[in-house]
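Visitor: Residue numbering for the sequence shown is 1 to 183, as defined by UniProt numbering. Each residue gets a CB set at the ideal place from its N, CA and C atoms; glycine is no exception. One structure coming up, written as C-alpha cells, with questions to follow.
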Amino acid sequence: MTVQQLKKRPLSRFLKDFKHTQTHCAQCAKLLDRITLTRRGEIVSKTAIAQLDTLIDENGWQVERQSWAALCRFCGDLYCKEQQHYFDIIGFKEYLFDQTEMSHGTIREYVVRLRRLGNHLASQNIPAPSSAKGYFDDSLEPWLPTTSTNNYRIALRKYGQFQTLNQNTSAQYQENKSTSDIY
Ligand SMILES: [Zn+2]
C-alpha cells in the first residue's frame, strides 16, 4: 500500500499556523497588527481557539478553513459587534472606502465618531431620521453631545451623504426593475 495516511492534528494547531500566515485583513486589506480570528462572522477568542482540540487532517482543514477569516481589530469589532446599531455603521464604512479618497485613519475616525454618536442617541431613545434629509436639517441638533459637537455634526453630514446615495441607488434600482418588467 502506497497510500499515506494524512497526519491528524488538533484544529487549534491548524488555526495557529493559519494565523501566522495571514498578513492582511480579509475585510479592509490593511496590514495586520493584532489579529482577530472569526468563524462564520463570529469572533473566536484566543482561549476558545486553544480549546478546539478536534483532530483533523489536512483535507479536513481545507474544508474548515473556508469558515475562518483573519481581521484587524477594527474590522473585527465592526463586523461582529455592530450589527444592531443606531446607524448603518458597516454600510457607512464601506461607502467611505469605496466612494471617497479618505485615508484609512480618517475613515476610522469617522466610524468611531459615528458609533459613539449612535450610542449617545440610542441611550436617549432618540429615533433615527426617517429620510436622508433628516441628517442635514439639524433635527438631531438638540441631542448632539455638548463636547466636540462640531465633529459629530460633520460625521452626521457625511453619514447623510451616504444615506442620500443609498436612497438614490434604491430608487434607481426600482426604476430599472419596473422598466425591465415591461419587456
Ligand atoms: Zn480590517
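Would you call K93 buried or exposed, if buried means 16 or more other Cβ atoms sit within 10 Å of its Cβ?
Guide: Position 93 of the sequence shown holds residue 93. When all chains shown are included, K93 counts as buried.
Visitor: Going along the chain, which residues of its own chain have a beta-carbon closer than 7 Å to the beta-carbon of I49, five neighbours each way excluded?
Guide: Within the sequence shown, numbered from 1, the residue matching residue 49 stands at position 49. So the qualifying residues of the chain are S12, L15 and L37.
Visitor: Cβ of C72 versus every heavy atom of ligand 3: is any distance shorter than 7 Å?
Guide: Ligand 3 is absent from the structure shown, which contains only ligand 1.
Visitor: Opposite H20 in the DSSP bridges: which residues?
Guide: As a position in the sequence shown, residue 20 is number 20, starting the count at 1. Partner(s): none; H20 has no beta bridge.
Visitor: I'd like to confirm something about K19: is its beta-carbon nearer than 7 Å to some heavy atom of ligand 1, or not?
Guide: Translated into positions along the sequence shown, residue 19 becomes position 19. Flag unset: Cβ of K19 not near ligand 1.
Visitor: So, helix, strand or coil for T179, using DSSP?
Guide: Taking the sequence shown and counting its residues from 1, the one referred to as residue 179 is at position 179. Because the pLDDT of T179 is 47, which lies under 50, any placement of that residue in the model is unreliable, and the question is left without a value.
Visitor: Between the Cα of V44 and the Cα atoms of C28, R108, K19 and I107, which residue gives the shortest distance?
Guide: By 1-based counting over the sequence shown, the position of residue 44 is 44. Minimum Cα distance to V44 is reached at K19.
Visitor: Do you know how far the Cα of Y95 is from the Cα of K7?
Guide: What you label residue 7 is simply residue 7 of the sequence shown in a count that begins at 1. What you label residue 95 is simply residue 95 of the sequence shown in a count that begins at 1. Computed Cα separation, rounded: 45 Å.
Visitor: Does DSSP classify A29 as helix, strand or coil?
Guide: On the sequence shown, position 29 is the one that residue 29 refers to. Note: A29 maps to coil in three-state DSSP.
Visitor: Check whether the Cβ of K93 sits closer than 7 Å to any heavy atom of ligand 1, and report yes or no.
Guide: The sequence position of residue 93 within the sequence shown is 93, counting from 1. For ligand 1, not one heavy atom lies less than 7 Å from the Cβ of K93.
Visitor: For A128, which of helix, strand or coil comes out of DSSP?
Guide: Residue 128 sits at position 128 when you count from the first residue of the sequence shown. Reduced to three states, the DSSP call for A128 is coil.
Visitor: Looking at Q163: is its Cβ nearer than 8 Å to the Cβ of A132?
Guide: On the sequence shown, residue 163 is found 163 positions in, with the first residue counted as 1. On the sequence shown, residue 132 is found 132 positions in, with the first residue counted as 1. Closer than 8 Å, so yes.
Visitor: Alpha carbon to alpha carbon, how far is Y110 from N125?
Guide: In the sequence shown, the residue the question calls residue 110 occupies position 110. In the sequence shown, the residue the question calls residue 125 occupies position 125. Cα to Cα, the separation comes out at about 22 Å.
Visitor: Hey, would you say the C-beta of Q22 is under 7 Å away from at least one heavy atom of ligand 1?
Guide: In the sequence shown, residue 22 corresponds to position 22, counting from 1. No, the beta carbon of Q22 sits no closer than 7 Å to any heavy atom of ligand 1.
Visitor: State the start and end residues of the unbroken alpha helix (DSSP H) segment that holds L114.
Guide: On the sequence shown, residue 114 is found 114 positions in, with the first residue counted as 1. Per DSSP, L114 belongs to the alpha helix (DSSP H) from H104 to S123.
Visitor: Would you report the Cα separation of R9 and C72, rounded to the nearest angstrom?
Guide: Counting from one through the sequence shown, the residue named residue 9 turns up at place 9. Counting from one through the sequence shown, the residue named residue 72 turns up at place 72. About 27 Å.
Visitor: When you compare only the Cα positions, how much space is there between R34 and R115?
Guide: In the sequence shown, the residue the question calls residue 34 occupies position 34. In the sequence shown, the residue the question calls residue 115 occupies position 115. The straight-line gap from Cα to Cα measures roughly 21 Å.
Visitor: Decide if Q51 is buried, meaning its Cβ has at least 16 other Cβ atoms within 10 Å, or exposed.
Guide: Here residue 51 is taken as the residue at index 51 of the sequence shown, counted from 1. Q51 is exposed by the Cβ-count criterion.
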